[in-house]
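Below is one structure; the comments refer to it alone.
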Amino acid sequence: MKFGVVVFPGTWSDRDCGWVVDQVLGQELVYLWHKDADLKGCDCVILPGGFAYGDYLRTGAIARFAPVMDRVGDFADRGGLVWGICNGFQVLCEAGLLPGALIRNASLEFRCEWTHLSVERTDIAFTSRCDEGEILRIPISHGEGSYFADPATLSRLEQRGQVVFRYCDEQGRTVPSANPNGSLHNIAGIVNARGNVLGMMPHPERCAEAELGGVDGLKLFRSVAEGALKVLVS
Amino acid sequence: MIARVIVTPKPVVNDPQGLTVKQGLATLGFQDINDVRVGKYIEVNLATNSEREAREQVEAMCRQLLANHVIEDFRFDIEQEHKRR
């Protein structure tokens with residue numbers, strides 16, 4: 000399983016994602032520079048967190064014009080796995096690969112803290128090792144992570160089961176007090192209709208080793224690695 | 000030609016910046032405020048001398064990049080450059 004981690008000028012979580020892929024999971028890793036015109040044969044593309052192109056104009060607004068993003072779009076159209084984390088989620092929304100947008104946190108604060116997520120989909124590659132309704136503890140680190148979509152889009156997402164993660168409390172209740180940024184419907188992560196493009200604000204790469212205070216993030220990386228393996232075998 | 004583009008959050012989008020500015024203004028004694036919305040101002044200097052052409056170009060710029068139609072509305076004026084303040 001080969002993971003490609005995209006690096007834009009201003010990306011800051013690329014090495015963290017890369018570390019989990021090759022040092023923790025022992026999977027093949029390649030970094031993809033924003034000017035690269037091919038994806039070097041990877042099976043899953045990760046768009047990591049950070050501030051691509053300084054987040055000028057809007058978060059992710061300029062990154063979507065990077066040459067590598069044309070390839071990512073083609074790859075997604077062919078069913079390739081694309082995983083946007085934090086800034087990567089913002090880029091996927093700006094690129095139109097996922098619906099909606101991420102706006103300024105309701106608190107106006109940059110929030111860097113642990114959150115709890117309820118897992119609502121386990122039939123996709125990214126969560127195949129999770130149980131439905133499982134509660135993951137994964138940190139967030141963002142100023143603009145409040146998920147917004149118009150009412151029609153939102154109800155379509157809900158009807159089609161495209162909400163993968165919702166902010167919840169330790170008991171799994173998706174209450175307003177567990178919502179760190181004002182996201183509509185407590186949305187922390189969504190997937191496209193086909194199930195191969197995931198965007199999420201929390202950072203699984205920051206909790207993939209016990210030394211970091213939690214290992215729930217590793218479950219998602221494992222899901223991708225082993226899910227793809229199953230596809231290869233079957 | 001100079002295009003003066005104003006981008007604002009759509010009315011249905013929560014604008015915490017606007018709310019905070021409104022509270023700040025109330026603290027200063029400006030109590031009689033219904034609403035405050037915070038947006039962006041973008042100035043684009045275009046090479047063309049045709050207002051129609053400038054208008055078409057800026058409209059396309061707004062749709063493709065300057066505004067995100069999911070969360071923002073835009074409007075703009077076009078002026079001859081010599082009127083620039």
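These protein sequences, in sequence, are chains L and Z.
Read in order, the letters of the first sequence are residues 0 to 233 in numbering that gives the first Met the number 0.
Read in order, the letters of the second sequence are residues 0 to 84 in numbering that gives the first Met the number 0.
Ideal Cβ placement from N, Cα and C applies to all residues, glycine included.
It should be emphasised that the depicted structure is a prediction, and the values quoted were computed from it without experimental measurement.
Any C-beta of chain L sitting closer than 8 Å to the C-beta of residue i?
{"i": "Z/F73", "result": "no"}
{"i": "Z/L64", "result": "yes"}
{"i": "Z/T7", "result": "no"}
{"i": "Z/Q22", "result": "no"}
{"i": "Z/A59", "result": "no"}
So which residues on chain L does residue i lean against when the C-beta distance must stay under 8 Å?
{"i": "Z/N13", "result": "I102, A105, S145, F147 and G181"}
{"i": "Z/Q16", "result": "R103 and L107"}
{"i": "Z/T19", "result": "L107"}
Roughly how many angstroms lie between the CA atoms of residue i and residue j, to the nearest whole one?
{"i": "L/P104", "j": "L/G132", "result": "The sequence given here has Asn at residue 104 of chain L, not Pro. In a straight line, the C-alpha of L/N104 is about 26 Å away from that of L/G132."}
{"i": "L/L183", "j": "Z/Q63", "result": "25 Å"}
{"i": "L/G95", "j": "Z/L27", "result": "42 Å"}
{"i": "L/F164", "j": "Z/I1", "result": "45 Å"}
{"i": "L/Q22", "j": "Z/V35", "result": "50 Å"}
{"i": "Z/P8", "j": "Z/F29", "result": "23 Å"}
{"i": "Z/F75", "j": "Z/A66", "result": "12 Å"}
{"i": "Z/T19", "j": "L/S176", "result": "20 Å"}
{"i": "L/T126", "j": "L/Q89", "result": "20 Å"}
{"i": "L/D122", "j": "Z/A53", "result": "50 Å"}
{"i": "Z/S49", "j": "L/A60", "result": "29 Å"}
{"i": "Z/I70", "j": "L/M199", "result": "19 Å"}
{"i": "Z/V147", "j": "L/Q26", "result": "Nothing in the structure corresponds to residue 147 of chain Z, since chain Z is present only between 0 and 84."}
{"i": "L/E210", "j": "L/I186", "result": "28 Å"}
{"i": "L/S12", "j": "L/K1", "result": "18 Å"}
{"i": "L/G160", "j": "L/I137", "result": "21 Å"}
{"i": "L/V4", "j": "Z/R51", "result": "44 Å"}
{"i": "L/G99", "j": "L/R110", "result": "21 Å"}
{"i": "L/D130", "j": "L/A62", "result": "34 Å"}
{"i": "L/G212", "j": "L/V44", "result": "26 Å"}
{"i": "Z/R3", "j": "L/D54", "result": "22 Å"}
{"i": "Z/V37", "j": "Z/D72", "result": "12 Å"}
Give me the chain Z residues within the contact set of residue i, using Cβ-Cβ distance strictly less than 7 Å, ordered along the chain.
{"i": "L/R57", "result": "N67"}
{"i": "L/G99", "result": "V69"}
Is any beta-carbon of chain Z found at less than 8 Å from that of residue i?
{"i": "L/E157", "result": "no"}
{"i": "L/E93", "result": "yes"}
Take residue i as the anchor and find which of the options has the nearest alpha-carbon.
{"i": "L/L46", "options": "L/D76, L/G226, L/A124 and L/C85", "result": "L/C85"}
{"i": "L/W113", "options": "L/I102, L/S127, L/L107 and L/I134", "result": "L/I134"}
{"i": "L/H202", "options": "L/S222, L/R193 and L/G216", "result": "L/G216"}
{"i": "L/D76", "options": "L/A207, L/G194 and L/F220", "result": "L/G194"}
{"i": "L/I139", "options": "L/R155, L/T121, L/E204 and L/P98", "result": "L/E204"}
{"i": "L/K39", "options": "L/R70, L/F50 and L/T173", "result": "L/R70"}
{"i": "L/G17", "options": "L/P8, L/T10 and L/L28", "result": "L/L28"}
{"i": "Z/Q79", "options": "Z/G38, Z/N13, Z/E42 and Z/G17", "result": "Z/E42"}
{"i": "L/G78", "options": "L/V196, L/G99, L/A224 and L/A62", "result": "L/V196"}
{"i": "L/V174", "options": "L/S117, L/L24 and L/K218", "result": "L/S117"}
{"i": "L/V190", "options": "L/G25, L/D35, L/L80 and L/E225", "result": "L/L80"}
{"i": "L/G9", "options": "L/R172, L/G213, L/G226 and L/H33", "result": "L/H33"}
{"i": "L/E93", "options": "L/D73, L/F109, L/R120 and L/F64", "result": "L/F64"}
{"i": "Z/V11", "options": "L/Y52, L/D149 and L/L24", "result": "L/D149"}
{"i": "L/A207", "options": "L/R14, L/C43, L/V19 and L/D42", "result": "L/V19"}
{"i": "L/G226", "options": "L/R14, L/D35, L/D42 and L/V4", "result": "L/D42"}
{"i": "L/G188", "options": "L/A124, L/T152, L/E119 and L/Q170", "result": "L/E119"}
{"i": "Z/K39", "options": "L/A51, L/R57 and L/D35", "result": "L/R57"}
{"i": "Z/Q16", "options": "L/Y30, L/A124 and L/L107", "result": "L/L107"}
{"i": "L/Y52", "options": "L/F7, L/A124, L/R155 and L/D168", "result": "L/F7"}
{"i": "L/A124", "options": "L/S154, L/R221 and L/G171", "result": "L/R221"}
{"i": "L/V67", "options": "L/L31, L/E169, L/E157 and L/D168", "result": "L/L31"}
{"i": "L/F50", "options": "L/H141, L/V162, L/A192 and L/K218", "result": "L/H141"}
{"i": "Z/D14", "options": "L/R128, L/I102, L/C129 and L/A224", "result": "L/I102"}
Using a Cβ cut-off of 8 Å, pull out every chain Z residue sitting near residue i, in sequence order please.
{"i": "L/A60", "result": "L64 and N67"}
Tell me whether residue i, by its Cβ, gets closer than 7 Å to a heavy atom of the ligand HEM.
{"i": "L/W113", "result": "With respect to small molecules bound, the structure shown includes none, and the ligand HEM cannot be examined in it."}
I'd like to know if residue i contacts chain C, where contact means its C-beta is closer than 8 Å to some C-beta of that chain.
{"i": "L/I61", "result": "Absence of chain C from the displayed structure is noted, the protein chains being L and Z."}
- [ ] Inspect the CB distances between the stretch 143 to 162 of chain L and the stretch 178 to 198 of chain L and report whether three or more fall short of 8 Å.
- [x] Under the three-pair Cβ rule at 8 Å, the stretch 143 to 162 of chain L counts as touching the stretch 178 to 198 of chain L.
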